[in-house]
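Presented below is the structure to which this report refers.
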Amino acid sequence: MRVLGIDPGLRNLGWGVIEAEGSRMSHIANGVCQSDSSEDLAKRLLSLHEQLSDVFASFQPDTAAIEQTFVNKDAVGTLKLGQARGVALLVPAQFGVSVGEYAPNKVKKTVVGVGHAAKQQVDHMVKMQLPGVAINGPDAADALAIAICHAHYARGPGFGTGAGMRIKEVRA
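Residue numbers (the working numbering): 84 to 255.
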């Protein structure tokens with residue numbers, strides 16, 4: 084099963100593709116889709132859409148996973164993140180791919196073993212689970228962690244019912 088993990092963001096949208104076969108996982112690719120903060124919001128969202136669509140076309144994942152939104156104190160920032168998440172959900176829908184959503188603590192607990200792990204710990208454990216991976220920044224590391232989390236729950240019993248996760252079947 085080929086899994087695409089997406090760490091949504093308006094400036095940096097991280098992505099990571101892994102192959103999961105049984106309990107074995109291997110790294111396929113990872114990167115960051117970036118938007119130019121000097122552009123207006125609509126152009127930035129279009130840019131992210133085009134870049135993420137290219138990732139889907141290139142790597143043809145069987146399933147995708149995205150981190151659920153957490154609300155922070157900056158309402159404007161949260162709204163912008165929500166719009167970037169919209170793009171991250173739209174692209175899989177256009178490719179007819181189902182999307183799993185995971186709470187940030189669920190991803191960290193699955194990958195690191197601790198729900199409140201630091202970014203450095205997530206990065207380290209992603210490298211341990213995907214030997215030889217060259218990670219293209221913290222957003223790509225988070226995306227790979229999301230993909231690993233999804234691969235873990237996608238192959239386990241009761242897939243689609245795990246706490247802290249929702250599966251959305253999206254159709255084009």
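Glycine residues also receive a C-beta, built at the ideal position from the N, C-alpha and C atoms.
Keep in mind that this is a model prediction, so the values were computed, not measured.
Runs of the beta strand (DSSP E) lying entirely within the segment 169-230 and spanning at least 3 residues, in chain order: 181-185. About 5 Å separates the CB atoms of D145 and R85; that is less than 8 Å, so the two are in contact. Annotation for Q117: no alpha helix (DSSP H) segment contains it, though the beta strand (DSSP E) segment containing it runs R107 to Q117. The segment 216-229 makes contact with the segment 84-98: 3 or more CB pairs, one atom from each, lie closer than 8 Å. A direct Cα-Cα distance of roughly 14 Å separates A217 from V205. For V195 against M208, the beta-carbon gap comes to about 5 Å, under 8 Å, which counts as contact.
Nearest to G183 by alpha-carbon distance, out of A112, S106 and H235, is H235. DSSP places E102 in no alpha helix (DSSP H) but in the uninterrupted beta strand (DSSP E) bounded by N95 to E104. A176 and M211 have their C-alpha atoms roughly 31 Å apart. Collapsing the DSSP output to three states places T161 in a helix. For E122, the secondary structure class from DSSP, reduced to helix, strand or coil, is coil. Counting C-beta atoms within 10 angstroms of its own C-beta, T193 has 16 or more neighbours from the protein chains shown and is therefore classed as buried.
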